[in-house]
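J.: In full-length UniProt numbering, the protein residues as written are 1 to 752.
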């Protein structure tokens, strides 16, 4: 768990702008016309449309993406009944999580009332504003009555997250825990310590998933909820047992699972020892669990454990559920959140935990290789796949159960829209991946002993993108595979320096000697070069023993590109190479070139780079719209690099009139069609969105893509090497697994 001081927390919430959320306009508002449309008199038109057809409120207002987080502050976090105003920071925080994880807008509403009837009346009165309602931090038993009444009396998604959020996430963990521990839901004996809202909701959901009610023992602050007790509420009576136990210690003897939603340190090591073989302990009290994680794991080696803390494995965190559950419910305009939708979320989360974990998640949690097992039974909150996995599952369950008013028909399109909500529109990359999968190629990985390279090789193997071939010492590679629990069975490993590869090195040397003997290369030098993995791997592609080659993760760009040029060679029609980056931005994909090869190109080099880039962009099924940028606009400066750009444009317009390209032009005009057409209506670019940028020199191109990456939040894929005879690609030093996988995908498509 992250460490901070009281002052850190107060300073964070105060800051220059107190609080954590704000309202931002979504429509233009800079002119008098804009304001007239936003308010009076233009606003009357949608008002009249909604009066005539109430369903149009979703069409003309933000209702469909607006959730109310409502609380009376009677059960705030671990703070208890601190009042409505004191609970407001928590509600703002909940709103922030809704927005950053699922792009749902939130108004937090604090109601100063503990009376159930009054609270329900207030919420019903404001309900027309919202597409959904998240009830929060309301104490039991009032929370049960409030939620039940609102669900019956309103027709929008409503969920008390303190109950159902914990239930859904812990249930997903339970499904995987019983599988790992080789148990069955119908057989396990569960002890539930705590009888509040979360405990009740968890127990009900476990029963719905297949746990037998007779196998559950629940305890409240007074002990076991036994049929002999006369002080039980109607809700607690639902969970009475006739088993002859009185204390937590009695109940734990032979239990398969402990679910704690109570207080810290109540579960003793002796109680854990008394549990059945291969036990499950979910100690979810916050901030300190019912038994410390280290103590529990020391007590039992065969234990699967989850807590509510982020500094231990298997954190049961409600943020895994509520943003995505509401996202799915809102998107089909569900009239509620029913059991079917909750169970769909449970199963989606449980299934996701079994899939390969993206590198971005490992990096976020400082892990090497998270994988399904005792220490990873539920996904991590920062897993970007949650939105596209859980929300569709919930939406489909709403449709199947008959409470969706706006069913989804194209699920692929829906998932793409979800990606776009958080600026992660990877439709282009998805299309490339699909293309690669249809005809996977053999890809040689030069740095076969590097962990990230091996993890990328595992990913492309499992996803069917490519057939990996690893270069390296087999002993070293197998050691890395075993240490990180990777699955690369059957993947060939070639020790290019080994004695067993001597004949192949000699054959490759002969080929290289024939290619380079009139360029100063001797045969002995050719033999020596074949002990270099980059020469050896590129020659595998040249001879047809592989289809593509990936290197660069642990070597300099120049040290990788030279062997590729000397072995595979450059396309003869242009006799030129360049480097291009694909940048995935919130506005869509954009291509930058040249970013890696030509330091100070002349006009003809710029022409050749543009032609190679246009050819490459078309391989992505995108028609290139090319701006050749500079610090000048259409000849406004007649000195320096603008002159070379102007000459290149002149050549392209004359020799390739079909190409949509223009310049020289400054970057702001290139990227802003409205500004461009106003100032330069003659431009060949017209109103089109520019998707390709050609830079006047290597410095500007390299600086620009890295700035977009670090400040603009763009995902950079590349450098994509242009102009080679065969599929040779170089990744940047210290690339992430995701970057390597993306480059392999492009290499496969290139090889196709």
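We put the CB at the ideal spot given by N, CA and C, even for glycine.
State the Cα-Cα distance for the pair residue 336 and residue 678, rounded to the nearest angstrom.
T.: Cα-Cα distance, rounded: 49 Å.
J.: Distance check for residue 225 and residue 232, CA to CA, integer angstroms please.
T.: Those two C-alpha atoms are separated by around 8 Å.
J.: Does DSSP put residue 80 in a helix, a strand or coil?
T.: The answer is strand: DSSP assigns residue 80 an E or B state.
J.: Since residue 98 and residue 106 are thought to touch, with beta carbons under 8 Å apart, how far apart are those beta carbons, to the nearest angstrom?
T.: Right, their Cβ atoms sit about 5 Å apart.
J.: DSSP three-state label for residue 318, please.
T.: Helix at residue 318.
J.: How many angstroms separate the CA atom of residue 184 from the CA atom of residue 745?
T.: For residue 184 and residue 745, the distance between alpha carbons rounds to 41 Å.
J.: Using 7 Å as the threshold, is the C-beta distance between residue 345 and residue 281 below it?
T.: For residue 345 and residue 281, no; Cβs fall outside 7 Å.
J.: For residue 525, I'd like the list of residues in its chain whose CB is within less than 8 Å of its CB, leaving aside the five on either flank, ordered along the chain.
T.: If we look at residue 525 and ignore the five residues flanking it on each side, it has no Cβ neighbours.
J.: Mind pulling the beta strand (DSSP E) runs of 3 or more residues that sit fully within the stretch 298-362?
T.: With a minimum length of 3 residues, the continuous beta strand (DSSP E) runs that stay inside the stretch 298-362 are 304-307.
J.: Report the three-state DSSP secondary structure of residue 162 (helix, strand or coil).
T.: Residue 162 falls in the helix class under three-state DSSP.
J.: Pick from 189, 565, 496, 714: whose alpha carbon is nearest that of residue 591?
T.: The shortest C-alpha separation from residue 591 is found at 714.
J.: Excluding the 5 residues flanking residue 246 on each side, which residues of the same chain have their C-beta closer than 7 Å to its C-beta?
T.: Result list for residue 246: 223, 224, in chain order.
J.: Let me know if residue 368 comes out buried or exposed under the rule of 16 or more other beta-carbons within 10 Å of its beta-carbon.
T.: Its Cβ having fewer than 16 others within 10 Å, residue 368 is exposed.
J.: Taking contact to mean at least 3 C-beta pairs separated by less than 8 Å, is the stretch 312-330 in contact with the stretch 163-176?
T.: Yes, since at least three Cβ pairs between the stretch 312-330 and the stretch 163-176 fall closer than 8 Å, the two stretches touch.
J.: Ignoring anything shorter than 3 residues or poking outside the stretch 459-489, list the beta strand (DSSP E) runs there in chain order.
T.: Complete beta strand (DSSP E) runs here, min 3: 466-471.
J.: Once you ignore the five residues that flank residue 365 on each side, which residues in its own chain have a CB closer than 8 Å to its CB?
T.: Result list for residue 365: 380, 382, in chain order.
J.: Expressed to the nearest angstrom, what Euclidean distance is found between the alpha-carbon atoms of residue 293 and residue 411?
T.: Roughly 41 Å between the two C-alpha positions.
J.: To the nearest angstrom, how far is it from the Cα of residue 534 to the Cα of residue 612?
T.: The straight-line gap from Cα to Cα measures roughly 24 Å.
J.: Throw me the rounded Cβ distance for the residue 92 and residue 108 pair, which I believe falls under 8 Å.
T.: Rounded, the Cβ-Cβ distance is 5 Å, consistent with contact.
J.: Label residue 15 either buried or exposed according to how many other C-beta atoms from any shown protein chain fall within 10 Å of its C-beta, with 16 as the threshold for buried.
T.: When all chains shown are included, residue 15 counts as exposed.
J.: Quick one: what's residue 110 bridged to in DSSP?
T.: BP columns for residue 110 point to 71.
J.: What is the DSSP secondary structure of residue 717, counted as helix, strand or coil?
T.: If DSSP states are grouped into helix, strand and coil, residue 717 belongs with the strands.
J.: Considering residue 441, what are the terminal residues of the beta strand (DSSP E) in which it resides?
T.: 441-445 is the extent of the beta strand (DSSP E) around residue 441.
J.: List the endpoints of the continuous alpha helix (DSSP H) containing residue 219.
T.: First-last for residue 219: 216-220, but that is the beta strand (DSSP E), not the alpha helix (DSSP H).
J.: Taking three-plus beta-carbon pairs below 8 Å as touching, is the stretch 534-551 in contact with the stretch 499-518?
T.: With a cut-off of 8 Å, the stretch 499-518 and the stretch 534-551 count as touching, because enough Cβ pairs lie within range.
J.: Could you tell me the alpha carbon to alpha carbon distance between residue 459 and residue 608, rounded to whole angstroms?
T.: Distance between the alpha carbons of residue 459 and residue 608: 35 Å.
J.: In its own chain, which residues sit with a C-beta less than 7 Å from the C-beta of residue 339, not counting the 5 before and 5 after it?
T.: 208.
J.: Sorted by chain position, which residues of the same chain lie with C-beta nearer than 7 Å to residue 480's C-beta, five sequence neighbours on each side aside?
T.: Answer for residue 480: 449, 451, 454, listed in chain order.
J.: What residue does the beta strand (DSSP E) around residue 753 start on, and which one ends it?
T.: Here the chain comprises residues numbered 1 to 752, so residue 753 is not present and cannot be evaluated.
J.: Starting from the Cα of residue 329, find the closest Cα among 676, 132, 618 and give me that residue.
T.: Measuring from the Cα of residue 329, the nearest candidate turns out to be 132.
J.: Would you mind listing the beta strand (DSSP E) stretches within the stretch 231-307 that are 3+ residues and don't spill past its ends, in chain order?
T.: You should have 257-260, 280-283, 304-307.
J.: Residue 552 to residue 359, Cα distance in whole Å?
T.: Residue 552 and residue 359: Cα-Cα distance of roughly 18 Å.
J.: Between which residues of its own chain and residue 405 is the CB-CB distance below 6 Å, once the five residues before and five after are set aside?
T.: Only 333 meet the Cβ criterion.
J.: Check for me: the alpha helix (DSSP H) holding residue 653 runs from which residue to which?
T.: Residues 641-655.
J.: Between the C-alpha atoms of residue 574 and residue 322, what's the straight-line distance to the nearest angstrom?
T.: So the alpha carbons of these two residues sit roughly 55 Å apart.
J.: Indicate the three-state DSSP secondary structure (helix, strand or coil) for residue 1 in the structure shown.
T.: Since pLDDT at residue 1 reaches only 47, below the 50 mark, its modelled position is unreliable, and the value read off the structure follows with that caveat. It is coil, neither helix nor strand.
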